[in-house]
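*Asks:* Could you have a look at this structure, given as structure tokens, before my questions?
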Amino acid sequence: MSFRKRNVAVSRAPSVPSISPPEPLLAAKDAWPNPTIPGVRPSPIDGRPTTSTGILSLDALLAGHAGLALGNSLLIEENGTTDFAGTLLRLVAAEGVTQEHKVIVVGVGESWGRELPGLVDVSDESGNSSKNMERREEDKERMKIAWRYERLGEFGAEKSRG
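Quick note on numbering: UniProt numbering labels position 73 of the sequence shown as 73, and the sequence is numbered without any gaps.
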């Protein structure tokens, strides 16, 4: 005696089974379409489209893909009362806005978007030369502070050397 579940549609199997040949495996470079979205580049490992998170050190940590692969999510959990996740969120969102991507952030106020870091305004060099000289002097002054950090090198560079 056979039992059949009620209220379930039963379909007939096709009378002639269709056997399709197996699809050939694609080469790694052919597996992903050419990226045409601004800010998207192929991964150096397998060619999948990736985009930068806006943080060079984080891009280097993401399995060697030099960024976050499209269609993937990144969950960052923080311990304690620090706001590293908020800073990372701002930088990633600012990178997306810079690359003209659609950025959706849930759970923050309207003013949050106005607080994102932005691009430096590159003005015309043919402007007032005295303003350019003052700006160069300010840049030199800032560099006096930053020279100490130059010797520190890139985060994680020591691990890759040895």
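Backbone N, C-alpha and C fix where the C-beta goes; we use that ideal spot for every residue, glycine too.
For T50, which of helix, strand or coil comes out of DSSP?
*Replies:* Reading the sequence shown from its first residue, position 50 is the one you call residue 50. Reduced to three states, the DSSP call for T50 is strand.
*Asks:* CB G47 to CB Q99, shorter than 8 Å?
*Replies:* Here the question's residue 47 lines up with position 47 in the sequence shown. Here the question's residue 99 lines up with position 99 in the sequence shown. No, the Cβ-Cβ distance between G47 and Q99 is not below 8 Å.
*Asks:* How many whole angstroms separate the CB atoms of P49 and A66, which I take to be in contact at a CB cut-off of 8 Å?
*Replies:* For the purposes of this step, residue 49 is identified with residue 49 of the sequence shown, where counting begins at 1. For the purposes of this step, residue 66 is identified with residue 66 of the sequence shown, where counting begins at 1. Not really, about 11 Å apart at Cβ, beyond 8 Å.
*Asks:* Indicate whether G54 and L89 have their beta-carbon atoms separated by less than 8 Å.
*Replies:* The residue you call residue 54 lines up with position 54 of the sequence shown. The residue you call residue 89 lines up with position 89 of the sequence shown. Cβ distance not < 8 Å, so G54 and L89 don't count as in contact.
*Asks:* Using the Cβ count rule (16 or more neighbours within 10 Å means buried), how would you classify L68?
*Replies:* Here the question's residue 68 lines up with position 68 in the sequence shown. Counting Cβ neighbours within 10 Å, L68 comes out buried, since at least 16 surround it.
*Asks:* May I ask you to list the residues that DSSP assigns as paired with V40?
*Replies:* Mapped onto the sequence shown, residue 40 falls at position 40. Partner(s): T51.
*Asks:* Starting from the N-terminal side, write out each stretch of the beta strand (DSSP E) that is 3 residues or longer and does not extend beyond the stretch 49–102.
*Replies:* Taking only runs of at least 3 residues, the beta strand (DSSP E) segments lying wholly in the stretch 49–102 are 49–51.
*Asks:* DSSP three-state label for G113, please.
*Replies:* What you label residue 113 is simply residue 113 of the sequence shown in a count that begins at 1. Three-state result, G113: helix.
*Asks:* Since G96 and V103 should fall inside the 8 Å C-beta cutoff, what is the C-beta to C-beta distance between them, to a whole number of angstroms?
*Replies:* Within the sequence shown, residue 96 is the residue found at index 96, counting from 1. Within the sequence shown, residue 103 is the residue found at index 103, counting from 1. With 8 Å as the limit, G96 and V103 qualify as a contact, their Cβ atoms being about 4 Å apart.
*Asks:* Hey, T51 and L70: beta-carbon distance below 8 Å or not?
*Replies:* Locating residue 51 in the sequence shown gives position 51, where the first residue counts as 1. Locating residue 70 in the sequence shown gives position 70, where the first residue counts as 1. For T51 and L70, yes; Cβs fall inside 8 Å.
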